[in-house]
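**Student:** The structure under discussion is supplied below as structure tokens; questions concerning it will follow.
Residue numbers (mature numbering (1 follows the signal peptide of the UniProt record, and there is no 0)): -18 to -1, 1 to 604.
Next comes the structure, spelled out in structure tokens:
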């Protein structure tokens, strides 16, 4: 039997090992509140003392089931702008839910929450008397200034869903190329199944720049608000740079490929129970009565059933009426039982435990991070109707794994919902893929609960891990432009010099060939002139010779009235000599093509002398 002394020693040792942890849990939505509450309970069960600050954001969202040792509620004095946005009135038609506009609206919601925390500091300032905290965890950036006032030693950022590329760059300095890792908060990019096209890459680049600018402006505004009341605070950007770890509600098997570091700790599936077999008795009885299968419906993000538009409610109810043999379980927050079909059963509590029943054939939800992980761990196919934020990102991840059917919020109708439900009930591949994925998730070597507790213990003991942060450098160093640009300049210069030498060499050869051709033409013209002169001079000698010969002949024959011309052998021999001379000149011309330029004139003079000598010889012979 255990004695009181042993119990006291055990409690003493446990209290000495416990850490004091401060957690911010703003009431954004049921899914976020439940996820952070599960994190708080996990840390409490690990023997830590946990205090929670709950800023009021969305009306009607409450913290349920928390095991925190102390909870401080901070009311919204003027009401958070989130409650007046159209996403609480008509999520299908609201432009407030569109990508960049939605991101901007979320920064407005955060700014209002920061103002409420400043105005209601007397609510949480009492925690300063607790003597400080070992670790602080929050999803709101302005809360890091609050944690500095409360003397929190180490801080951790909680990401409730998919991590934005702007957060990756601002906090962890992670590369997020918009061409291959588009921002998950832009639905048209998140739903892309393949490499982005050129227009998509252009849009992704613009979206990435716009999101980064919105986030930086948001940080500067909140820093101004905090330092206006507490000038001694460290600039918010410096506080963000000292974050120890980033805890994100994501699982490696359910995320798209992206750049990561060891500073990012995934705890996706933290809200999933170890067993899905524990179902409430009332729900079990209803599930057992079903013969054709059960479809579970619940919207647990900002677009809860309490705030869904009448249009969306009508679409869902009409699809239920079209499937009278299928039982539907819906977690709703409105009283309209007289309008509900007979095959619909409504509940106000979470239906997560019902996912483990074998009669459940599908889940229809908005695919927020928490619900997506719960459904994936259960092995049930998902019918996703993304409404806002990163829900399209999770739906796309389910489509990639063959477990999800997508509904487009812009074109959804009752017939489309009915067709999607029938597809899930008849297509066995969806169930097979969902079952296989659930087995892989359960056998994953790193349990999210253990990962959270061990990393919190490590940060408490050793502080911010060294070597996990990527150094911040100028963009020209980040992209190695200081290496690439000089290298390109050197390469271009070398290519220019080589091409210039190559072209210059060929140009010199061209000039030499052109000079040779011109000299050849000059030489040929000179020979033509010489031949013309010879042709003009040569006929005079035969005329003089013929006259002399005719005169001698007439004189010798006297009395004859005419004379008979005889063939002149000398004239024939002279013509033959000219032919020989021309042939010799042609041969000499061919030989001169191979002579250097300085030898051409000497050769010409020599040939002229030879021709003159031959002419004199012929005259003397005659």
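Quick reminder that beta carbons are idealized off the backbone N, C-alpha and C, glycines included. Remember, it's a predicted structure, so these values are computed and weren't measured experimentally.
Is the beta carbon of residue 394 less than 8 Å from the beta carbon of residue 367?
**Tutor:** For the purposes of this step, residue 394 is identified with residue 412 of the chain shown, where counting begins at 1. For the purposes of this step, residue 367 is identified with residue 385 of the chain shown, where counting begins at 1. Going by C-beta atoms, residue 394 is nearer than 8 Å to residue 367.
**Student:** Would residue 343 be called buried (16 or more neighbouring beta carbons within 10 Å of its own) or exposed?
**Tutor:** Position 361 of the chain shown, counting from 1, holds the residue named residue 343. Label assigned to residue 343: buried.
**Student:** Compute the beta-carbon to beta-carbon distance between residue 40 and residue 11, rounded to the nearest angstrom, for a pair I have assumed lies under 8 Å.
**Tutor:** Within the chain shown, numbered from 1, the residue matching residue 40 stands at position 58. Within the chain shown, numbered from 1, the residue matching residue 11 stands at position 29. Their Cβ separation, rounded to whole angstroms, is 6 Å, which keeps residue 40 and residue 11 in contact under 8 Å.
**Student:** For residue 2, count the other beta carbons within 10 Å of its own beta carbon; 16 or more makes it buried, fewer makes it exposed. Which is it?
**Tutor:** What you label residue 2 is simply residue 20 of the chain shown in a count that begins at 1. So residue 2 counts as buried.
**Student:** Taking 8 Å as the threshold, find out whether the region 114 to 124 comes into contact with the region 342 to 359 through three or more Cβ pairs.
**Tutor:** Because the criterion of three Cβ pairs below 8 Å is not met, the region 114 to 124 and the region 342 to 359 do not touch.
**Student:** Pull up the distance between the alpha-carbon of residue 499 and that of residue 489, whole angstroms please.
**Tutor:** Position 517 of the chain shown, counting from 1, holds the residue named residue 499. Position 507 of the chain shown, counting from 1, holds the residue named residue 489. Approximately 15 Å, taken between the alpha carbons.
**Student:** Using 10 angstroms around the beta-carbon of residue 334, count the other beta-carbons present and answer buried if the total reaches 16, otherwise exposed.
**Tutor:** Within the chain shown, residue 334 is the residue found at index 352, counting from 1. Residue 334 should be labelled buried.
**Student:** Measuring CA to CA, which of 131, 32, 234 is closest to residue 425?
**Tutor:** Start at 1 with the first residue of the chain shown, and residue 425 comes out as number 443. Checking every option, the nearest Cα to that of residue 425 belongs to 234.
**Student:** Is it right to say residue 497 is buried, meaning 16 or more other beta carbons lie within 10 angstroms of its own, or is it exposed?
**Tutor:** Working through the chain shown from its first residue, we reach residue 497 at position 515. It is exposed - the Cβ of residue 497 has fewer than 16 other Cβ atoms within 10 Å.
**Student:** Among the candidates 15, 327, 25, 357, whose CA atom is the shortest distance from the CA of residue 264?
**Tutor:** On the chain shown, position 282 is the one that residue 264 refers to. Checking every option, the nearest Cα to that of residue 264 belongs to 327.
**Student:** Based on DSSP bridge pairs, tell me the residues matched to residue 235.
**Tutor:** In the chain shown, residue 235 corresponds to position 253, counting from 1. According to DSSP, residue 235 bridges with nothing at all.
**Student:** With DSSP run on the structure shown, which of helix, strand or coil describes residue 366?
**Tutor:** By one-based count along the chain shown, residue 366 stands at place 384. Residue state, collapsed to three classes: strand.
**Student:** Alpha carbon to alpha carbon, how far is residue 418 from residue 217?
**Tutor:** To locate residue 418, count along the chain shown from 1; it is residue 436. To locate residue 217, count along the chain shown from 1; it is residue 235. Their backbone Cα atoms lie some 48 Å apart in a straight line.
**Student:** Measuring straight from C-alpha to C-alpha, what distance separates residue -1 and residue 236?
**Tutor:** Against the chain shown, residue -1 aligns to sequence position 18. Against the chain shown, residue 236 aligns to sequence position 254. Roughly 33 Å separates the two Cα atoms.
**Student:** Would you list the residues sitting across from residue 494 in a DSSP beta bridge?
**Tutor:** As a first step, residue 494 is located in the chain shown; it is residue number 512 there, counting from the start. Paired residue(s): none; residue 494 is not in a bridge.
**Student:** Taking all protein chains shown into account, decide if residue 210 is buried (16 or more other Cβ within 10 angstroms of its Cβ) or exposed.
**Tutor:** Translated into positions along the chain shown, residue 210 becomes position 228. With fewer than 16 other Cβ atoms within 10 Å, it is exposed.
**Student:** Is the region 98 to 116 touching the region 139 to 156, taking contact as three or more C-beta pairs under 8 Å?
**Tutor:** They do not touch, by the three-pair rule.
**Student:** Spell out whether any CB of chain B is found under 8 Å from the CB atom of residue 498.
**Tutor:** Given the protein chain composition of this structure (a single chain), no chain B is represented.
**Student:** Quick one: residues in its chain with C-beta nearer than 7 Å to the C-beta of residue 606, no 5 flanking neighbours on either side, listed in chain order?
**Tutor:** Outside the displayed span of the chain (-18 to 604) sits residue 606, for which this structure offers no information.
**Student:** Would you identify the three-state DSSP class for residue 2, choosing helix, strand or coil?
**Tutor:** Numbered from its first residue, the chain shown carries residue 2 at position 20. Residue state, collapsed to three classes: strand.
**Student:** For the region 370 to 380 against the region 165 to 172, do three or more pairs of beta-carbon atoms, one drawn from each stretch, fall closer than 8 Å, so that the two count as touching?
**Tutor:** Short answer: they touch.
**Student:** Looking at C-beta atoms only, is the number of pairs between the region 239 to 247 and the region 297 to 314 that lie closer than 8 Å three or more?
**Tutor:** The region 239 to 247 vs the region 297 to 314: no contact.
**Student:** Whole alpha helix (DSSP H) runs in the region 99 to 176 with 4 or more residues, listed along the chain?
**Tutor:** DSSP runs (the alpha helix (DSSP H)) wholly in the region 99 to 176: 103 to 106, 125 to 131, 147 to 153, 169 to 172.
**Student:** So residue 430 and residue 249 are in contact, right, with Cβ under 8 Å, and what is the actual spacing, rounded?
**Tutor:** Your numbering for residue 430 matches position 448 in the chain shown. Your numbering for residue 249 matches position 267 in the chain shown. The Cβ separation is near 4 Å, so the contact holds.
**Student:** Do residue 59 and residue 98 come within 8 Å of each other at the CB atom, strictly closer than that value?
**Tutor:** Indexing the chain shown from 1 puts residue 98 at position 116. Indexing the chain shown from 1 puts residue 59 at position 77. Result yes, Cβ atoms of residue 98 and residue 59 sit closer than 8 Å.
**Student:** With which residues is residue 37 paired in a DSSP beta bridge?
**Tutor:** Sequence index remark: in the chain shown, residue 37 carries index 55 (1-based). Per DSSP, 56.
**Student:** So what's residue 17 in DSSP terms, helix, strand or just coil?
**Tutor:** Here residue 17 refers to the residue found at position 35 of the chain shown. The answer is helix: DSSP assigns residue 17 an H, G or I state.
**Student:** Given a cut-off of 8 Å, decide if residue 301 and residue 381 are closer than it, judged by their beta-carbon atoms.
**Tutor:** As a first step, residue 381 is located in the chain shown; it is residue number 399 there, counting from the start. As a first step, residue 301 is located in the chain shown; it is residue number 319 there, counting from the start. No. Outside cutoff.
**Student:** At which residue ranges does the region 358 to 402 contain complete alpha helix (DSSP H) runs of 4 or more residues, listed in the order of the chain?
**Tutor:** 373 to 382, all fully within the region 358 to 402.
**Student:** Using the rule of at least 16 other Cβ atoms within 10 Å of the residue's Cβ for burial, across every protein chain shown, is residue 486 buried or exposed?
**Tutor:** For this step, residue 486 is matched to residue 504 along the chain shown. Exposed, since its Cβ has fewer than 16 Cβ neighbours within 10 Å.
**Student:** Helix, strand or coil for residue 198, going by three-state DSSP, please let me know.
**Tutor:** Here residue 198 refers to the residue found at position 216 when the chain shown is read from its first residue. Helix at residue 198.
**Student:** If we call anything under 8 Å between Cβ atoms a contact, is residue 106 one with residue 18?
**Tutor:** Counting from 1 along the chain shown, the entry for residue 106 is found at position 124. Counting from 1 along the chain shown, the entry for residue 18 is found at position 36. No.
**Student:** By how many angstroms is the C-alpha of residue 179 removed from the C-alpha of residue 90?
**Tutor:** Position 108 of the chain shown, counted from the start, is the residue given in the question as residue 90. Position 197 of the chain shown, counted from the start, is the residue given in the question as residue 179. The straight-line gap from Cα to Cα measures roughly 32 Å.
**Student:** Tell me the rounded alpha-carbon separation between residue 155 and residue 146.
**Tutor:** Locating residue 155 in the chain shown gives position 173, counting from the first residue. Locating residue 146 in the chain shown gives position 164, counting from the first residue. Spanning the two alpha carbons is a distance of roughly 12 Å.
**Student:** Please return the same chain residues whose Cβ sits closer than 6 Å to the Cβ of residue 144, not counting the five positions on each side in sequence.
**Tutor:** Taking the first residue of the chain shown as position 1, residue 144 is located at position 162. Only 166, 372, 375 meet the Cβ criterion.
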